[in-house]
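S.K.: Can you read through this structure? Questions will come right after.
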Amino acid sequence: MGAGNKRRYILLFGAQGSGKGTQARLLQDYFDIPQVATGDLFRYNLKNQTELGKLAKSYMERGELVPDEVTNAMVRERLSQPDAQEGAILDGYPRNLAQAQALDEMLAEWGGEVTQAIYIEVSEEELLRRLTGRRVCRECQATYHVVFNPPKQEGVCDRCGGELYQRDDDKDEAAIRRRLEIYMKETLPVIEYYRQRGLLTTVNGEQSIGDVNREIVAAVLNSDEQ
Ligand code: ADP
Ligand code: AMP
0 MGAGNKRRYI LLFGAQGSGK GTQARLLQDY FDIPQVATGD LFRYNLKNQT
50 ELGKLAKSYM ERGELVPDEV TNAMVRERLS QPDAQEGAIL DGYPRNLAQA
100 QALDEMLAEW GGEVTQAIYI EVSEEELLRR LTGRRVCREC QATYHVVFNP
150 PKQEGVCDRC GGELYQRDDD KDEAAIRRRL EIYMKETLPV IEYYRQRGLL
200 TTVNGEQSIG DVNREIVAAV LNSDEQ
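If you want it as structure tokens, here you go:
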């Protein structure tokens with residue numbers, strides 16, 4: 000179902016494993032605007048061994064942020080594509096204040112703005128459970144969980160039939176902890192930045208996938224009226 004023609008830039012925040020990717024895929028169908036996940040874009044470049052992929056590789060392996068200039072340029076390029084002219088659901092970006100400012104400038108240049116920021120809140124204990132059981136489709140990047148959201152057939156994507164795999168950074172507990180630590184340090188101030196601008200809605204992420212989705216859709220539709 001589409002939900003009107005308003006141009007929307009929806010930001011999804013939450014630590015790794017909070018369900019951003021899962022929700023972004025549901026929202027893109029609902030609002031008919033694409034999911035733009037910087038982690039997926041980097042993994043695509045890594046897989047295809049592009050210059051960008053080679054540059055991002057070492058940062059990703061360590062669970063660190065890829066430099067801002069590189070990330071901002073990649074997002075600018077993606078948001079300029081024809082399918083993103085009515086907006087996008089940004090997942091995993093902006094991750095620090097410099098990226099948030101770069102995004103504001105980029106959207107202002109195009110006469111747009113951030114319409115809504117959603118923070119999906121989940122406890123650390125639950126995040127670890129989710130990340131260690133996460134499986135991702137090699138073809139379409141859809142995410143599953145071996146226990147909480149299993150595919151109909153083990154190892155096979157329900158959406159496209161692609162092969163499911165476990166991300167390297169989800170296998171390594173040290174890398175998981177490093178990513179969560181960086182998240183707290185760099186991304187929480189960004190969430191505060193949007194809270195202060197009155198754009199933030201916090202959603203309890205420890206509910207079913209459907210219930211989290213209903214709360215996010217309600218918050219976005221509510222922000223349209225303001
Ligand atoms: P993120 O994009 O924030 O890193 P994902 O969307 O990849 O998170 O979700 C992480 C893992 O948790 C996946 O295995 C996913 O299937 C599972 N998951 C997502 N939302 C929920 C939920 N509400 N309840 C239980 N498991 C969930
Ligand atoms: P994610 O799929 O969001 O967990 O991202 C995987 C990895 O990609 C991160 O650990 C970073 O190395 C890199 N990455 C993703 N998004 C960003 C971003 N906005 N800024 C810098 N690096 C990023």
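Each residue of the sequence shown is one higher than the one before, starting from 0 at the first, in numbering that gives the first Met the number 0. Beta carbons: idealized from backbone N, C-alpha and C, even for Gly.
With 16 other CB atoms within 10 Å as the buried threshold, where does Asn-203 fall?
M.R.: Exposed.
S.K.: Does DSSP classify Asn-71 as helix, strand or coil?
M.R.: helix
S.K.: Once the 5 residues before and after Thr-229 are set aside, which same chain residues still bring their CB inside 6 Å of it?
M.R.: There is no way to answer for residue 229, as the model of the chain reaches only from 0 to 225.
S.K.: Could you tell me the alpha carbon to alpha carbon distance between Gln-100 and Val-189, rounded to whole angstroms?
M.R.: Roughly 10 Å between the two C-alpha positions.
S.K.: Closest by CA to Val-121, which one among Gln-27, Val-211, Ile-9, Gln-225?
M.R.: The option with the nearest alpha carbon to Val-121 is Val-211.
S.K.: If you draw a straight line from the C-alpha of Ser-207 to the C-alpha of Gly-110, how long is it?
M.R.: 36 Å
S.K.: I'd like to confirm something about Tyr-193: is its beta-carbon nearer than 7 Å to some heavy atom of ligand 2, or not?
M.R.: no
S.K.: For Val-189, name the three-state secondary structure that DSSP assigns.
M.R.: helix
S.K.: Which of helix, strand or coil does DSSP assign to Phe-147?
M.R.: coil
S.K.: Residues in the same chain with beta-carbon distance under 6 Å from Gly-1, minus the five sequence neighbours each way, listed in chain order, please.
M.R.: Caution is warranted here: a pLDDT of 46 is assigned to Gly-1, below 50, making its placement in the model unreliable, and the coordinate value is therefore given only provisionally. Correct list, in chain order: Asp-31.
S.K.: Look at the alpha carbon of Asp-167 and the alpha carbon of Thr-114, and state the distance between them as a whole number of angstroms.
M.R.: 34 Å
S.K.: Please give the ranges of any beta strand (DSSP E) in the segment 119-175, keeping only runs that are unbroken, at least 3 residues long and fully inside the region.
M.R.: 133-136, 142-144
S.K.: What does the alpha-carbon distance come out to for the pair Ile-215 and Arg-7?
M.R.: 14 Å
S.K.: Does the beta carbon of Ser-207 fall short of 7 Å from some heavy atom of ligand 1?
M.R.: In this structure, Ser-207 has its beta carbon less than 7 Å from a heavy atom of ligand 1.
S.K.: Using a strict less-than 6 Å threshold between each residue's beta carbon and the heavy atoms of ligand 4, what residues do you get?
M.R.: This structure simply doesn't include ligand 4; it includes ligand 1 and ligand 2 instead.
S.K.: I'd like the span of the beta strand (DSSP E) that includes Leu-199, first residue to last.
M.R.: 199-203
S.K.: Can at least three beta-carbon pairs, one atom from the segment 35-52 and one from the segment 150-157, be found at a separation below 8 Å?
M.R.: no
S.K.: Do Phe-41 and Ala-55 count as a contact pair if the criterion is CB distance below 8 Å?
M.R.: yes
S.K.: Return the residue from the list Pro-33, Gly-209, Val-135, Glu-112 that minimises the CA-CA distance to Asp-223.
M.R.: Glu-112
S.K.: Please go through the same chain and pick out, in chain order, the residues whose beta-carbon is closer than 7 Å to the beta-carbon of Tyr-182, but skip the five residues on each side of it.
M.R.: Ala-14, Gln-15
S.K.: Among the candidates Val-146, Arg-158, Val-145, whose CA atom is the shortest distance from the CA of Cys-139?
M.R.: Arg-158
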